[in-house]
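Enquirer: Residue numbering for the sequence shown is 1 to 153, as defined by UniProt numbering. Glycine included, C-beta positions come from ideal geometry on N, C-alpha and C. As the structure is a computational prediction, the values presented were derived from the model and not from experiment.
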Amino acid sequence: MTELDYNSTGWRYRQVPPATDVPLFYERGFDDSEWQTGQAGFGTASGCSFNTPENVKTPWARNTDILVRHWLHLPRNAQQVRIQGTIDNDAQVYLNGHLVQSVRSGYCRTGAIDVVVPAEYLECCNLLAIRGHDYGGSTYLNVRVTYVKPPQV
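1. Based on Cα-Cα distance, which residue from Ala-112, Gly-106 and Leu-127 lies nearest to Tyr-135?
2. Over the uninterrupted beta strand (DSSP E) stretch that includes Gly-132, give me the two end residues.
3. Go ahead and label Leu-72 buried or exposed: buried means 16 or more other beta carbons lie within 10 angstroms of its beta carbon, across all protein chains shown.
4. To the nearest angstrom, report how far apart Gly-111 and Ser-33 are at their CA atoms.
5. In this structure, does DSSP put Tyr-121 in helix, strand or coil?
6. For the putative contact between Gly-38 and Tyr-13, defined by C-beta atoms under 8 Å, what is the C-beta separation to the nearest angstrom?
7. Near Thr-58, which residues of its chain fall below 6 Å by C-beta distance, leaving aside the five closest residues on each side in sequence?
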């Protein structure tokens, strides 16, 4: 089942200079009410093959970091919750405040983000937070979240 698909809406995001400390932005209790709301994918209008109007819905400036947050409402019995996506250049992926993957892609590559979330990190309302980092050139970030719903007994 797909909980959050590529190019999804409802993302809270903020662009910051590289290495800017935004303490605990990945925590559930962080106040992002002053952040903008946008649609994935985030990126530049040119660069890698993903940088097209069909894929880039919200601009992400070169040589910046982007902080993104999205709430997920998974069934309590969801299994094999998987976060997949593309990042240009690097990303730290968090679920409910836990770092679940650190990606050093270096360039725009499909599947650079790919992690199955440990079951003990899951709650009914889950916060997905990602910090994307760009080294120049093009930028791109887009993810989806899927899960397996066990058969009813």
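Expert: Put simply:
1. Distances from the alpha-carbon of Tyr-135 to those of Ala-112, Gly-106 and Leu-127 put Gly-106 closest.
2. Looking at the DSSP string, the run of the beta strand (DSSP E) that includes Gly-132 is 125-133.
3. Answer is buried; the Cβ neighbour count reaches 16.
4. Straight-line spacing of the CA atoms in Gly-111 and Ser-33 works out to 30 Å.
5. Note: Tyr-121 maps to helix in three-state DSSP.
6. Yes, they are in contact, since the Cβ atoms of Gly-38 and Tyr-13 sit about 5 Å apart, within 8 Å.
7. Closer than 6 Å at Cβ, skipping near neighbours: Gly-38, Gln-39 and Phe-42.
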